[in-house]
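Student: Handing you this structure, nothing more for now.
Numbering (the numbering used here), first residue to last: 112 to 353.
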């Protein structure tokens, strides 16, 4: 991809994650967050200096890092090294030289988008799980006959979601999730099965519990619609910021 224009794949304002490439120590590799400021050439870019606890993180000159770009059409990875520093437009910037080609991440479903979306859910019995896996959820009258509880989706991806509720749901439970994505006047409703991977008290409130959910047998079309919603929404947010 080096011979093609970088702008076809990544755009200014895109979110960038930075990780040190390789480590001789058996410690957890930190990920720093940045933003693509400008594309200088086919192998040089400028990114904002990452921050940690309101302090600038000084990445080492000449050291190779792994970069992940979150573009409107997917996630791209490459390796790059710091070749310069500077300040422009009241921003502290790093000049990076790409040392490998960009390659697209085929696992877009794992990228989680922070949000605050209303949802309804209820725990299913084993008999219901078997029945609902082979049914059209929206047309199944059994669902309408049973009450659903309220929750707030705090992040979502093509593979699952995390939601907050005022009670805990047992790990391993299968739940039916119902939520809407899209603009208020053009929102589409989704109903999917999910498996509770874990539940824990919220860090902010003791009376609220957060749950990690993995989707079960979600249709490819629905998964792609979720992923498209995530990247389109992030692109709109970046436009407003810039």
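Using N, Cα and C, we set each Cβ at its ideal position, and we do this for glycine too.
(1) Identify which residue in 193, 209, 181 has its Cα closest to the Cα of residue 222.
(2) Start and end of the beta strand (DSSP E) containing residue 212?
(3) Please determine, among 187, 350, 149, 202, the residue with the shortest C-alpha to C-alpha distance to residue 161.
(4) Closer than 8 Å by C-beta to residue 146: which residues in its own chain qualify, once you throw out the five before and the five after it? Chain order, please.
(5) Taking the beta carbon of residue 207 as the centre, do at least 16 other beta carbons fall within 10 Å, making it buried, or is it exposed?
(6) On the DSSP bridge list, what partners appear for residue 166?
(7) Mapping DSSP to helix, strand and coil, what is residue 135?
(8) In the DSSP assignment, the beta strand (DSSP E) including residue 301 goes from what residue to what residue?
(9) Helix, strand or coil for residue 216, going by three-state DSSP, please let me know.
(10) For residue 167, does the count of other Cβ atoms within 10 angstroms reach 16, so buried, or fall short, so exposed?
(11) Give me the Cβ distance between residue 335 and residue 275, rounded to the nearest whole Å; I'm assuming they're in contact under 8 Å.
(12) Quick one: grab the DSSP three-state call for residue 242.
(13) For residue 301, count neighbouring Cβ atoms within 10 angstroms of its own Cβ and tell me buried if that reaches 16, exposed if not.
(14) What is the DSSP secondary structure of residue 171, reduced to helix, strand or coil?
(15) Give me the residue from 338, 316, 281, 299 with the minimum Cα distance to residue 267.
Tutor: The answer reads as follows:
(1) 181
(2) Looking at the DSSP string, residue 212 is not in any beta strand (DSSP E), and its letter there is neither H nor E.
(3) 202
(4) 124, 125, 126, 127, 158, 159
(5) buried
(6) 163
(7) For residue 135, the predicted model reports a pLDDT of 39, less than 50, meaning its position is unreliable; a value from the coordinates is still stated below. Residue 135 falls in the coil class under three-state DSSP.
(8) 299–312
(9) strand
(10) exposed
(11) Not confirmed; about 26 Å, so no contact.
(12) helix
(13) buried
(14) coil
(15) 338
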